[in-house]
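By UniProt numbering, the letter at position 96 of the sequence shown is numbered 96, and the numbering carries on one by one without gaps.
The beta carbon of each residue, even a glycine, is placed where N, CA and C say it ideally should be.
Computed from a predicted structure; not experimentally measured.
Read through the structure below, which is laid out as structure tokens, and then see the notes.
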Amino acid sequence: MTSSSRRRVIAIAALLTAIPALAACGAGFDANTNMPYSPTEAGVLMENTGSGMSYGKNGVMISQAFVLGPDSGQQIAAGGSAPVYLTLVSNNEGADTLTSIATDDQQAVRVNVPSPIEVQPATLVKTPGVTVEGLKRPLRGGETLRLTLQFKNAGAIPLDVPVITRSREFASLPPAAPPSATPMPSESPTASPTPSGSPAPDLNEQT
């Protein structure tokens, strides 16, 4: 391992270790939960095959991942939208780009990523504005959505993302904006036709 690679690994390990402590200091995007984290690591558990656990794939670590659900005791109706909160960090030497996110067709219509998100090495990157749209079933909190993150270099990374109710430390996070109604086109007035057989008045004719 080269000295630069060793420094990068140390920096990423420090970032991931610090996330739970930073999240516990306040609410908001970095709010901590029990579900997305392993008890001993900040990374999101991606796979548990019994022989080992995976907290990253192809050099990309997901240090936080959740879908913001409804207020406690409420629900997001089918057809609605919900924000997706992710915190990413690259363990690779070069930058990568999150280009899109796919979802299970049985769970939602699509995931809207407003623009590609660049992920620099050893730097925590968040995903503002990402939303799951066209939910196939109501969300009450406690569900899991299957999302596949598509990166330019790392490729496809599947992830099971928990739905967290908008309460306690998550109460200050904004819900997804309701879909805007498409205005109906207004009809332009049409000129009344001149009755047939009636000559047009002569404006030069004097009385």
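**Report entry** Three-state secondary structure assigned by DSSP to ARG168
**Finding:** helix
Query raised in the report: Looking only at its own chain, which residues have a Cβ that is under 6 Å from the Cβ of SER72, when we skip the five neighbours before and after it?
Result: Leaving aside the five residues that flank SER72 on each side, the residues in its chain whose CB is nearer than 6 Å to its CB run, in chain order, THR165 and SER167.
**Report entry** Nearest neighbour of GLN75, chosen from LEU139, VAL111 and ASN48 [CA to CA]
**Finding:** LEU139
Query raised in the report: For the candidate residues THR127, MET53, ALA108 and LYS126, whose alpha-carbon lies nearest to that of ARG146?
Result: ALA108
Query raised in the report: Helix or strand or just coil, what does DSSP make of MET53?
Result: strand
**Report entry** SER81 to GLY142 span [Cα, whole Å]
**Finding:** 16 Å
Query raised in the report: Roughly how many angstroms separate the alpha carbons of ARG137 and ALA77, rounded to a whole number?
Result: Our two residues, ARG137 and ALA77, have alpha carbons roughly 7 Å apart in a direct line.
Query raised in the report: How big is the Cα-Cα spacing for THR127 and PRO158?
Result: 16 Å
Query raised in the report: Taking buried to mean at least 16 other C-beta atoms within 10 Å of its own C-beta, is SER90 buried or exposed?
Result: buried
Requested in this report: Report the option in THR99, ALA154 and PRO70 whose CA atom is closest to the CA atom of PRO162.
Outcome: PRO70
Requested in this report: Report the partner residues of PRO121 according to the DSSP bridge assignment.
Outcome: BP columns for PRO121 point to SER90.
Query raised in the report: Once you ignore the five residues that flank PRO36 on each side, which residues in its own chain have a CB closer than 7 Å to its CB?
Result: With a pLDDT of 37 at PRO36, under the threshold of 50, the modelled position of that residue is not reliable, and no figure is offered here.
Query raised in the report: Going along the chain, which residues of its own chain have a beta-carbon closer than 6 Å to the beta-carbon of GLY26, five neighbours each way excluded?
Result: Annotation note: pLDDT 35 at GLY26 (below 50); position unreliable, no value reported.
**Report entry** CA-to-CA distance, GLU118 to residue 262, given in whole angstroms
**Finding:** The chain is shown only over 1 to 207; residue 262 falls outside these bounds and no answer can be derived.
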